[in-house]
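Student: Going line by line, the protein sequences match chains U and A.
According to this note's numbering, the residues represented by the first sequence are 1 to 218, in order.
According to this note's numbering, the residues represented by the second sequence are 1001 to 1143, in order.
Every residue, glycine too, gets a C-beta built ideally from N, C-alpha and C.
Quantities reported herein were computed from a predicted structural model and do not represent experimental measurements.
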Amino acid sequence: MSLHSDTTQALVQVAPKPVVVPPPAPAEPEPPRAPIPVKVVISGGFGVGKTTAIGALSEIEPVTTEAAMTTETIDIDVMAAGSTKTTTTVAMDFGRITIDDSIVLYLFGTPGQDRFGFMWPDLTAGALGGVVLVDTDRISDCFVAIDYFEKIELPFVVAVNQFDNRENLSLDEVREATDVDPDIPVITVDARDRSAVKAVVLRLLDLILTRAKYATGT
Amino acid sequence: MTVEEDNDLSRPFLGTTPPSEPLPADASTPDDDDRVRPYLITTGRTSPEDAAVQMQTVVVSAAAAEVSPGPKGTVEHARIIELCRKPHSVAELAAGLRVPLGVARVLVGDLLGSGLLATGPSVPQQATDVPFLERLIAGVSAL
């Protein structure tokens, strides 16, 4: 009797245990969902560092979907003095950055030469924004990209790649030469530096966000 | 590999008509898979049925695709389904299959049309979607 009573007392004093929910039976594994792609186009003249910039930020090695040009075309594509580049992109290359479990950022590099301009509608279809890389030794090389982005009203930033052992133009001079809209950022970048390329992408996204807030009145 | 060969391989993507001249006899290589003309893989089609299939479109195999790519399925279709057990963009598939982008777009369009591939949720107006952009900025900042 007393044993029973003690037991009852003990049971009362025990803190209520949390309700244990049995783990759900292992269901059929859900097929993975495709993430939302975000497309940013990296453009600029031949040999300006587009593939380098993509590689600096991408979690994969920049992938070229087609073939690479060889030294056989060096006579055709004249590079700035001091460049030792021996191959270039024929079609386009891209990098991938996983943002979170449902967004993937793709950086697509445009072919460097004017003669591949016919590819631009496909390259920019569905793009969120663009980056125009500039080599101040050959600043006119970027005009095709700026003209195209302005024509299709794609938000973009002008990123001046800083080459070693060169006298680079000032940002004011680049802004004057490119004559871009006042809200278009003109900034420097070291295409080899991950944090610098990331900063360029963030400037682009800030520009797009600012425009979006303005457009939606928030 | 010469520049001419590069241009041949990429021609359907470039949007021109298929070359009328056959490959020279000495063009064959041990890796003959690379010598299939792109317009044969797509049976002559140069754009996907669904124009919304772009190079950044991300697709994943649907559950039904566990079975087979269907009677009209090609080796390339089957390979795409295999790769797409994990999500892949069209550009990544083109690189994985070593076919031009235009070819990958057509094949992915086929498989989307027959329900063997699925796309994810779409955000059609990314550029004006403030919450989406803020999420994107937070994600890039955290890289």
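In the DSSP assignment, the beta strand (DSSP E) including Val160/U goes from what residue to what residue?
Tutor: On the first sequence, residue 160/U is found 160 positions in, with the first residue counted as 1. It spans 156-161 - the beta strand (DSSP E) in which Val160/U sits, taken as one unbroken run.
Student: Would the stretch 188-198 of chain U count as touching the stretch 46-57 of chain U if we require 3 or more Cβ pairs under 8 Å?
Tutor: The stretch 188-198 of chain U, when compared against the stretch 46-57 of chain U, does touch it at the 8 Å Cβ threshold.
Student: Have a look at Arg33/U and Gly1120/A and give me their C-alpha separation to the nearest angstrom.
Tutor: Residue mapping note: residue 33/U aligns to position 33 of the first sequence, counting from 1. Residue mapping note: residue 1120/A aligns to position 120 of the second sequence, counting from 1. Approximately 6 Å between the Cα atoms of the pair.
Student: Over what stretch of residues does the beta strand (DSSP E) that includes Arg96/U continue unbroken?
Tutor: Here residue 96/U refers to the residue found at position 96 of the first sequence. 93-100 is the extent of the beta strand (DSSP E) around Arg96/U.
Student: Examine chain A for any beta-carbon lying closer than 8 Å to the beta-carbon of Leu209/U, and answer yes or no.
Tutor: Counting from one through the first sequence, the residue named residue 209/U turns up at place 209. With 8 Å as the cut-off, Leu209/U counts as an interface residue toward chain A.
Student: Kindly list the residues whose CB is nearer than 8 Å to the CB of Met92/U, restricted to its own chain and excluding five residues on each side of it in sequence; keep chain order.
Tutor: Working through the first sequence from its first residue, we reach residue 92/U at position 92. Hits under 8 Å: Thr64, Thr65, Glu66, Phe108, Gly109, Thr110, Pro111, Met119, Leu123.
Student: Within 8 Å (strictly less), CB to CB, does Ile1137/A reach chain U?
Tutor: Here the question's residue 1137/A lines up with position 137 in the second sequence. Yes, because at least one Cβ of chain U sits closer than 8 Å to the Cβ of Ile1137/A.
Student: Which residues in the same chain have their Cβ closer than 6 Å to the Cβ of Arg1105/A, if we skip the five residues on either side of it in sequence?
Tutor: The residue you call residue 1105/A lines up with position 105 of the second sequence. For Arg1105/A, where only same-chain residues beyond five positions count, the Cβ hits under 6 Å are Pro1048, Val1053, Val1090.
Student: Taking the beta strand (DSSP E) that Ala983/A falls in, what are its first and last residues?
Tutor: Only positions 1001 to 1143 of chain A appear in this structure, which leaves residue 983/A out of reach.
Student: Would you mind telling me which residues of chain U sit closer than 9 Å to Pro1121/A, beta carbon to beta carbon, in chain order?
Tutor: What you label residue 1121/A is simply residue 121 of the second sequence in a count that begins at 1. The answer, in chain order, is Arg33, Ala34, Pro35, Ile36, Ser102.
Student: Ordered along the chain, which non-local residues of its own chain (more than five positions away) have a Cβ less than 8 Å from that of Leu57/U?
Tutor: Walking along the first sequence from the start, residue 57/U turns up at place 57. Within the same chain, Leu57/U has close Cβ partners Gly95, Ile97, Leu107, Arg194, Val197, Lys198, Val201.
Student: Taking Cβ-Cβ distances shorter than 9 Å, what residues in chain A pair up with Thr218/U?
Tutor: Translated into positions along the first sequence, residue 218/U becomes position 218. By Cβ distance, chain A contributes Val1130.
Student: Of all Cβ atoms in chain U, is any one closer than 8 Å to the Cβ of Thr1057/A?
Tutor: Your numbering for residue 1057/A matches position 57 in the second sequence. Yes - at least one Cβ of chain U is within 8 Å of the one on Thr1057/A.
Student: Starting from Pro37/U, trace the beta strand (DSSP E) both ways and give me its first and last residue.
Tutor: Within the first sequence, residue 37/U is the residue found at index 37, counting from 1. 36-44 is the span of the beta strand (DSSP E), which, as asked, contains Pro37/U.
Student: Can you give me, in chain order, the residues of the stretch 1087-1102 of chain A that have a beta carbon less than 8 Å from any beta carbon in chain U?
Tutor: Under the 8 Å Cβ criterion, the stretch 1087-1102 of chain A contributes Pro1087, Ser1089, Ala1091, Glu1092, Ala1094, Ala1095, Pro1100, Leu1101.
Student: Report the residues of the stretch 150-179 of chain U with a CB closer than 8 Å to any CB of chain A, ordered along the chain.
Tutor: So the close ones are Pro155.
Student: For Gly129/U, count neighbouring C-beta atoms within 10 Å of its own C-beta (all shown protein chains included) and say buried if the count is 16 or more, exposed if not.
Tutor: As a first step, residue 129/U is located in the first sequence; it is residue number 129 there, counting from the start. Buried, because 16 or more other Cβ atoms sit within 10 Å of the Cβ of Gly129/U.
Student: If you draw a straight line from the alpha carbon of Lys151/U to that of Tyr1039/A, how long is it in whole angstroms?
Tutor: Against the first sequence, residue 151/U aligns to sequence position 151. Against the second sequence, residue 1039/A aligns to sequence position 39. Near 32 Å, if we compare the C-alpha coordinates of Tyr1039/A and Lys151/U.
Student: Quick one: which chain C residues come within Cβ less than 8 Å of Asp122/U?
Tutor: The structure shown has no chain C; the protein chains it does contain are U and A.
Student: Using 10 angstroms around the beta-carbon of Gln1125/A, count the other beta-carbons present and answer buried if the total reaches 16, otherwise exposed.
Tutor: Walking along the second sequence from the start, residue 1125/A turns up at place 125. With fewer than 16 other Cβ atoms within 10 Å, it is exposed.
Student: Going straight from the alpha carbon of Thr1074/A to that of Ala1118/A, what length do you get?
Tutor: On the second sequence, residue 1074/A is found 74 positions in, with the first residue counted as 1. On the second sequence, residue 1118/A is found 118 positions in, with the first residue counted as 1. Each residue's alpha carbon lies about 18 Å from the other.
Student: Out of Val1058/A, Leu1136/A, Asp1129/A, Val1140/A, which has the shortest C-alpha to C-alpha gap to Ala215/U?
Tutor: The residue labelled residue 215/U in the question sits at position 215 within the first sequence. Cα-wise, what sits closest to Ala215/U is Asp1129/A.
Student: Put Thr1029/A into one of helix, strand or coil per three-state DSSP.
Tutor: Locating residue 1029/A in the second sequence gives position 29, counting from the first residue. In this prediction, Thr1029/A scores a pLDDT of 43, lower than 50, which makes its location untrustworthy; the coordinate-derived value is nonetheless stated afterwards. Three-state DSSP puts Thr1029/A in coil, outside helix and strand.
Student: Closer than 8 Å by C-beta to Ser102/U: which residues in its own chain qualify, once you throw out the five before and the five after it? Chain order, please.
Tutor: In the first sequence, counting from the first residue as 1, residue 102/U sits at position 102. Counting only Cβ-Cβ distances below 8 Å, and skipping sequence neighbours, we find Arg33, Pro35, Ile36.
Student: List the residues of chain A whose Cβ lies closer than 9 Å to the Cβ of Leu133/U, in chain order.
Tutor: In the first sequence, the residue the question calls residue 133/U occupies position 133. Result: empty, since nearest Cβ-Cβ is about 18 Å, beyond 9 Å.
Student: Can you tell me which of the three DSSP states Leu133/U falls into?
Tutor: Counting from 1 along the first sequence, the entry for residue 133/U is found at position 133. It is a strand residue.
Student: Strictly below 9 Å CB to CB, what residues from chain U border Leu1107/A?
Tutor: Position 107 of the second sequence holds residue 1107/A. The contacting residues do not exist; Leu1107/A stays about 14 Å from chain U at best.
Student: Taking Cβ-Cβ distances shorter than 7 Å, what residues in chain U pair up with Leu1040/A?
Tutor: In the second sequence, residue 1040/A corresponds to position 40, counting from 1. What Leu1040/A touches in chain U: nothing, since even the nearest Cβ is about 17 Å away.
Student: By the three-class DSSP mapping on this structure, what secondary structure does Val189/U have?
Tutor: Position 189 of the first sequence, counting from 1, holds the residue named residue 189/U. Val189/U: strand per DSSP, three-state reduction.
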